[in-house]
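There are 2 protein chains.
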Amino acid sequence: MSFKPVDVAQSKSATTIVFDALRRAIIIGELDDGAALRQDEIAKAFNTSRIPVREAIARLEQLGLVETRRYKGAVVAAISIEDIDEIFDLRATVESDAIRRSILSKQGKNSDQVRSYHRAFGEAMIPEEWSDLNRKFHCSMYDAEGSPNYISVINGLLDRLDRYLRAQLSLTDGMDLATREHALILEAYEAGDAERAAKLTYDHVQGAKASLINYLKSKRV
Amino acid sequence: MSFKPVDVAQSKSATTIVFDALRRAIIIGELDDGAALRQDEIAKAFNTSRIPVREAIARLEQLGLVETRRYKGAVVAAISIEDIDEIFDLRATVESDAIRRSILSKQGKNSDQVRSYHRAFGEAMIPEEWSDLNRKFHCSMYDAEGSPNYISVINGLLDRLDRYLRAQLSLTDGMDLATREHALILEAYEAGDAERAAKLTYDHVQGAKASLINYLKSKRV
DNA sequence: TTTTCAAAAATTGGATCCAATATATAATAT
DNA sequence: ATATTATATATTGGATCCAATTTTTGAAAA
Numbered sequence: 000m001s002f003k004p005v006d007v008a009q010s011k012s013a014t015t016i017v018f019d020a021l022r023r024a025i026i027i028g029e030l031d032d033g034a035a036l037r038q039d040e041i042a043k044a045f046n047t048s049r050i051p052v053r054e055a056i057a058r059l060e061q062l063g064l065v066e067t068r069r070y071k072g073a074v075v076a077a078i079s080i081e082d083i084d085e086i087f088d089l090r091a092t093v094e095s096d097a098i099r100r101s102i103l104s105k106q107g108k109n110s111d112q113v114r115s116y117h118r119a120f121g122e123a124m125i126p127e128e129w130s131d132l133n134r135k136f137h138c139s140m141y142d143a144e145g146s147p148n149y150i151s152v153i154n155g156l157l158d159r160l161d162r163y164l165r166a167q168l169s170l171t172d173g174m175d176l177a178t179r180e181h182a183l184i185l186e187a188y189e190a191g192d193a194e195r196a197a198k199l200t201y202d203h204v205q206g207a208k209a210s211l212i213n214y215l216k217s218k219r220v
Numbered sequence: 000m001s002f003k004p005v006d007v008a009q010s011k012s013a014t015t016i017v018f019d020a021l022r023r024a025i026i027i028g029e030l031d032d033g034a035a036l037r038q039d040e041i042a043k044a045f046n047t048s049r050i051p052v053r054e055a056i057a058r059l060e061q062l063g064l065v066e067t068r069r070y071k072g073a074v075v076a077a078i079s080i081e082d083i084d085e086i087f088d089l090r091a092t093v094e095s096d097a098i099r100r101s102i103l104s105k106q107g108k109n110s111d112q113v114r115s116y117h118r119a120f121g122e123a124m125i126p127e128e129w130s131d132l133n134r135k136f137h138c139s140m141y142d143a144e145g146s147p148n149y150i151s152v153i154n155g156l157l158d159r160l161d162r163y164l165r166a167q168l169s170l171t172d173g174m175d176l177a178t179r180e181h182a183l184i185l186e187a188y189e190a191g192d193a194e195r196a197a198k199l200t201y202d203h204v205q206g207a208k209a210s211l212i213n214y215l216k217s218k219r220v
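Chains V and E, in that order, are what the protein sequence lines are. Heads up: the first sequence at position 101 corresponds to 100 in numbering that gives the first Met the number 0, and the numbers run straight through without jumps. Heads up: the second sequence at position 210 corresponds to 209 in numbering that gives the first Met the number 0, and the numbers run straight through without jumps.
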C-alpha cells in the first residue's frame, strides 16, 4: 500500500472547524466586542451551510464568548471591567490551588517542558505569542493527569480574558516583570515548595489583574 | 385592550426547551451514564425537527454533560471517581473563596433567603429536593451581584455531580450531618466571619466528597 | 425637511431532504 | 455450526427550503 489509512471519525466536522476558527478569532481580538456573527456570511466564508455555523455559535455561547438574542443573532460578548476583575480573582484562586495540588501530587515534574516555555516566553518578540506562551507556561505546571477539570476551567477563564490581555501586552512593557515572576514561580515549582508556588501564582495573577484593570480604565474613559 | 402583549423574543426557542429538559434529565439521573441521545427520538418526543436537538446537544457537550463521537452521536458523560474527586476539590476551593469574598464585599447579607433555604433543607421529605435545596442554600450566600462568574462555575460543577449526589442521598442518611454543618456555615455567614465560613464550607464540601467517594466505591465493585 | 408608514430585503429559526457512515440482518462460504 | 460477505436499516452531518422576525429602504404624509 502506498497510502496510509486514516479513521474517518478523526476528520474534523464543519462545526468544529468553524468553532475553532471563531474561538481563535475572538480570543486574539480579531473579532471586536459586540461584533455581529452573521450566520450567512460565516457559512459562505467557510464554504458550508448555516447549520454547522449555528452549532458552532451554540458552543461558543456556552463558553461565554458570544451572546445570542432570540431572532437577533450572536455578537461577541463584551466583558465588563467588573467581570474581568472577578474572573481574575477566580483565576488566582483556581490556579494557585492547581499548582499546589500538582506539586503535592507526587507526579513527576514537567520541568523540561516548563523551562522551555519559560525560555520561549522570555525570547518571544511578537506580542501575539506572549499570551499563548504565558498560558502554556502556567498550565504545564498543573497536573494534566490529575487535574483535567482544573485545567479546563482555567482555559475557559483565559479564553475570556485573552483578547484584553493581548491588547494590553501589545501596548505596555509588563513582560519583563512577568518573566521575572515566572522565574520565581518556576523556582518554587522545581523546589517542590507547594505553598510558595501557590502564593507566587496567586500574587502574579493579581498583579496582572491590577495592570490590566488600570489599562482598561485609562482606555475606556 | 383585553390582552397583554408579550415580546416574542421572550419565547423560548425549541433548542432551549430541549436543552433545559435534557440537562435536567441528566442532572437528576433520569438519563443514565452512557445512555445514547438519539436525535430522531428526542426530536419526535419534543415534536420538533432534529436541528434544535443537535444544537441542544452541542450546548450540553460544552458543559461536559454529554460526549459526542463523530458519526456515532451523543451519550451521557460518565464521570470517573477520579474526576469526581477532583471536581469536589475544585468546588471546595471555589466555593470557599466565593463565600469569603461575599462576606468581605460589604454587600448586604441574604440572611432571610438563606435561612428559608436552610429550613426547607431540614424539612424536605423527598430526596429529590435535597440536592436542589442544597444548591440554593449555598449559592444564596455567594454574592450574585459581585460573583456571577464564581456562581456560574460552581453551578457547572454541581451540574456534573448532582446525579451521583442524588443517588447517594436517596440511600444514605447524611442529611442530618449536612443540616448541622449548614447551620454552622450560616452562623459564620451571619456573624460576618469570612475565614471561618470559608473553612467550614471547604470542610463541608470535602466531607461530602469523602462520603460520595465511599458510596461510589462500594457501589462500583 | 422631518416623521410615519409600507414594502422590500436581510436574517434567524426550524423543517425537510440528501449524502455519508455505522449498525443490524440476511445470505453465502467454510 | 461458524465465519465472512452482502444487503438493508438506522443514524448522523450537512444542504436546501420555507416560515417568522427584524432591519433597511422607499414612499407618503405632515
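For each residue, glycine too, the CB sits at the ideal point set by N, CA and C. Just so we're clear, the structure is a prediction, and the values are computed from it rather than from any experiment.
Beta-carbon contacts of residue i that lie in its chain and below 7 Å, excluding the five residues immediately before and after
| i | result |
| --- | --- |
| E144/E | Q106 |
| T178/E | F120 and G121 |
| K135/V | Y116 |
| E94/E | H137, I153, T200 and V204 |
| S130/E | D161, L164, R165 and L168 |
| K208/V | D84 and F87 |
| S101/E | M140, Y141, D142 and S146 |
6 Å Cβ shell around residue i - same chain, five flanking residues per side excluded
| i | result |
| --- | --- |
| D158/V | I26 |
| Q167/E | L211 and Y214 |
| R90/E | L156 and V204 |
| A73/V | L36, I56, V65 and T67 |
| K108/E | none |
| A34/V | V75 |
Integer-rounded CB distance, given that residue j should sit under 8 Å from residue i
| i | j | result |
| --- | --- | --- |
| V65/V | V75/V | 6 Å |
| Y149/V | A97/V | 4 Å |
| Y188/E | V113/E | 7 Å |
| E54/E | E40/V | Not really, about 19 Å apart at Cβ, beyond 8 Å. |
| Y70/E | A8/V | 6 Å |
Residues bridged to residue i [DSSP beta-bridge criterion]
| i | result |
| --- | --- |
| E66/V | V74/V |
| A35/V | V74/V |
Other residues of its chain near residue i: CB distance less than 8 Å, five sequence neighbours each side excluded
| i | result |
| --- | --- |
| I80/E | I212, L215, K216 and R219 |
| R22/E | L59, L62, L64 and D158 |
| R195/E | A187 |
| L132/V | Y116, A119, F120 and A123 |
Check: residue i C-beta below 6 Å from any heavy atom of the ligand ADP
| i | result |
| --- | --- |
| A8/V | Summarising the ligand content, the structure contains no ligands, and the ligand ADP is consequently not present. |
Give me the subset of the segment 40-58 of chain V whose CB atoms are less than 7 Å from a CB atom of chain E, sorted by chain position. I50, R53, E54, A57 and R58
Suppose only complete runs of 4+ residues qualify. What are the alpha helix (DSSP H) ranges in the segment 94-138 of chain V, listed by chain order? 110-122
Can you give me, in chain order, the residues of the segment 70-94 of chain V that have a beta carbon less than 8 Å from any beta carbon in chain E? Y70, K71, E81, D82, E85, I86, D88, L89, T92 and V93
Output, in sequence order along the chain, the residues in the segment 99-132 of chain E whose CB is closer than 8 Å to any CB in chain V. Flagged, chain order: R100.
Got a sec: which bits of the segment 184-207 of chain E sit with their beta carbon under 8 Å from any beta carbon on chain V, in order along the chain? none
Using a Cβ-Cβ cut-off of less than 9 Å, give me the residues of the segment 147-161 of chain E that come near chain V, in sequence order. P147, N148, Y149, S151, V152, G155, L156 and R159
Whole alpha helix (DSSP H) runs in the segment 5-52 of chain V with 4 or more residues, listed along the chain? Qualifying alpha helix (DSSP H) stretches, in chain order: 13-26 and 38-44.
Completely contained alpha helix (DSSP H) runs for the segment 158-193 of chain E, where each covers 4 or more residues: 174-189
Proximal residues, the segment 6-18 of chain E versus chain V, C-beta separation under 8 Å: V7, A8, Q9, S10, S12 and T14
Output, in sequence order along the chain, the residues in the segment 19-41 of chain E whose CB is closer than 9 Å to any CB in chain V. none
Near-chain V residues of the segment 134-145 of chain E (beta-carbon distance less than 8 Å), N- to C-terminal order: Cβ contacts with chain V: G145.
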